[in-house]
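Everything below concerns the one structure shown next.
Residue numbers (our numbering): 509 to 829.
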């Protein structure tokens with residue numbers, strides 16, 4: 509008889525899920541951000557959240573919970589009620605890099621989080637000070653080979669996607685650089701613009717103002733495709749650095765047991781929003797692409813990047829701050 513009861517319970521749950529999705533959302537939705545205001549995750553959440561509020565008539569509340577390498581917001585999401593009213597706008601670092609860096613974490617991506625949708629994608633760039641002698645990626649690699657470990661390169665910090673790219677480039681070109689971690693992209697970009705350091709692997713948005721002034725030159729973007737911010741910038745792959753394809757991306761995740769019908773509803777509305785011309789234009793103004801996706805495509809990207817990054821972390825002996 510027990511199996512009959514279990515089947516009956518399962519049928520009730522399956523029947524309730526579509527009804528729950530039809531009435532969702534019936535109250536404000538909270539989008540947690542693992543970082544301070546002004547970053548890519550915060551901006552993405554506020555742009556998409558405003559449109560979700562318009563579409564559904566329920567307030568989308570953006571809550572910044574910075575600190576702890578993103579652990580605070582990610583853990584709060586993992587432990588939240590799985591009803592669609594608490595989600596997180598995470599970055600690739602939160603779901604693909606952290607698991608590769610930390611032996612112990614308060615959340616498990618596969619066990620605790622359900623992917624909803626990719627939102628934005630922003631390239632990193634290999635950039636040099638305006639007066640530096642390096643005119644191409646080839647010049648940089650030649651200098652690094654001539655003096656292994658002497659050529660200094662700025663990034664926003666240890667364990668960042670920027671350092672992953674730097675070490676990935678070094679591994680694939682048999683070179684060695686001196687990694688100089690700063691406490692964020694803004695101070696790293698300022699140091700490069702001032703000539704305190706000759707090279708940097710930085711967000712395209714953080715170097716853009718200095719590129720206009722001529723204090724920073726971009727040698728290549730780190731993605732496999734060219735950036736809309738400046739299509740004349742070549743990719744690292746075009747410059748002979750094989751395989752390197754990495755970026756700063758954001759995506760929505762929910763607690764693991766969130767009903768699939770609700771996941772699908774949030775995904776469908778997010779994809780619709782990201783396809784709007786005015787939204788695409790707002791993201792593009794900062795050199796960022798919108799990337800509508802299915803939940804399955806997001807899940808596949810997380811798994812693919814984790815495997816790549818875990819191998820680089822191990823080979824390069826990368827350690828977090």
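All C-beta atoms, glycine included, are put in the ideal place defined by N, C-alpha and C. This one's a predicted model, so the numbers in the text were calculated from it and none came from an experiment.
Quick check on this structure: which residue in the options has the alpha carbon closest to the alpha carbon of residue i?
| i | options | result |
| --- | --- | --- |
| residue 632 | 611, 697, 709 | 709 |
| residue 809 | 650, 657, 604, 610 | 604 |
| residue 502 | 537, 589, 617, 568 | Only positions 509 to 829 of the chain appear in this structure, which leaves residue 502 out of reach. |
| residue 827 | 611, 564, 770 | 611 |
| residue 713 | 682, 738, 690 | 738 |
| residue 790 | 543, 542, 563, 558 | 558 |
| residue 812 | 587, 613, 607 | 607 |
| residue 564 | 814, 780, 792, 541 | 780 |
| residue 618 | 762, 664, 794 | 762 |
| residue 704 | 637, 794, 740 | 637 |
For residue i, which three-state DSSP category applies?
| i | result |
| --- | --- |
| residue 725 | strand |
| residue 825 | coil |
| residue 540 | strand |
| residue 735 | coil |
| residue 785 | helix |
| residue 629 | strand |
| residue 761 | strand |
| residue 688 | strand |
| residue 656 | coil |
| residue 778 | helix |
| residue 717 | helix |
| residue 747 | coil |
| residue 712 | helix |
| residue 697 | helix |
| residue 598 | strand |
| residue 797 | strand |
| residue 623 | strand |
| residue 612 | coil |
| residue 752 | coil |
| residue 666 | coil |
| residue 586 | helix |
For residue i versus residue j, is the C-beta spacing smaller than 8 Å?
| i | j | result |
| --- | --- | --- |
| residue 680 | residue 750 | yes |
| residue 800 | residue 784 | no |
| residue 621 | residue 764 | yes |
| residue 549 | residue 598 | yes |
| residue 583 | residue 595 | no |
| residue 635 | residue 700 | yes |
| residue 568 | residue 560 | yes |
| residue 609 | residue 752 | no |
| residue 543 | residue 577 | no |
| residue 628 | residue 758 | yes |
| residue 644 | residue 747 | yes |
| residue 727 | residue 686 | no |
| residue 533 | residue 803 | no |
| residue 770 | residue 529 | yes |
| residue 787 | residue 555 | yes |
| residue 642 | residue 664 | no |
Can you tell me whether residue i is buried or exposed, with buried defined as 16 or more other CB within 10 angstroms of its CB?
| i | result |
| --- | --- |
| residue 575 | exposed |
| residue 545 | exposed |
| residue 531 | exposed |
| residue 657 | exposed |
| residue 671 | buried |
| residue 706 | buried |
| residue 720 | exposed |
| residue 725 | buried |
| residue 696 | buried |
| residue 807 | buried |
| residue 717 | exposed |
| residue 547 | buried |
| residue 776 | exposed |
| residue 640 | buried |
| residue 815 | exposed |
| residue 616 | exposed |
Heavy atom of the ligand COA less than 7 Å from the Cβ of residue i, yes or no?
| i | result |
| --- | --- |
| residue 551 | The model depicted lacks the ligand COA and carries no ligand whatsoever. |
For residue i and chain C, any beta-carbon pair shorter than 8 Å?
| i | result |
| --- | --- |
| residue 666 | Within the model displayed, chain C is absent; a lone protein chain is all it includes. |
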